[in-house]
Amino acid sequence: MAQAKKLRVIIAEDESHSRLFLKAIVTSMNCEVVGEAGTGVETIELYRQLKPHILLLDINLPNKTGEEVLKELRAEFPRAFVIIVTSVSDQETVEKCIGLGAANYIRKDTPIADIKLAIKETWDAYVTSLRQATAPSASPNNVS
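The opening position of the sequence shown corresponds to residue 1115 in my numbering, with each subsequent residue numbered one higher.
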C-alpha cells in the first residue's frame, strides 16, 4: 500500500522559539516542514521556490509584514493556503488578513490541541472547497 503524501509546510516566523514550537506541532501532525523564514522577503522567496501546501505566516515580520506578504502571494498564487499566526488579537488586522485571502488565523497562546484542530479543520475545508470548485456541475439537461 502506498504511503500518503505528507503536507508540505513553510513556517514564517521571526522569533526562533515560536518557529520551533510551530515546527514541533506541524511535524507531530505528520506534515513536513520544507522551509522556515524569519522575514517577509525571505517568506516570499521560499514560497516561490518551494510552493508548499500550507504557509503558517506570522503577522509581524521584519522588512515586509505578514499582511504585505499575504497580499503579494495571493496575487501571484491565488490558491495559496495561508494561516495567519499572531500573538495579538487585533480584530481589525485579523479581519483584513481574512479579507486578503488567509484561510484562518491562530493565536500563538492557543493550546496545542486547538492549534492542531484549527490547522486540520481549515485544511479539510480548503480541500473540500477545491474539490467542489473542480467537480462537474449538474446541467439542467442531465436531470434524470
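Virtual Cβ for every residue (Gly too), placed ideally from N, Cα, C.
8 Å contact criterion, which residue 1136 and residue 1199 should meet: CB distance rounded: 7 Å
Sheet register partners of residue 1200 (DSSP bridge): 1221
Every unbroken beta strand (DSSP E) inside the region 1143 to 1199 [3 residues or more]: 1146 to 1151, 1168 to 1172
Closest by C-alpha distance to residue 1239, when choosing among 1154, 1133, 1187, 1195: 1195
Cutoff 6 Å; reference residue 1178; Cβ partners in own chain excluding five residues on either side: 1154, 1155
Reduced DSSP secondary structure (H/G/I, E/B, other) of residue 1252: Interpretation of residue 1252 is limited by its pLDDT of 46, a score under 50 that renders its predicted location unreliable; the figure taken from the coordinates is listed afterwards. Coil.
Three-state class that DSSP yields for residue 1216 in the structure shown: coil
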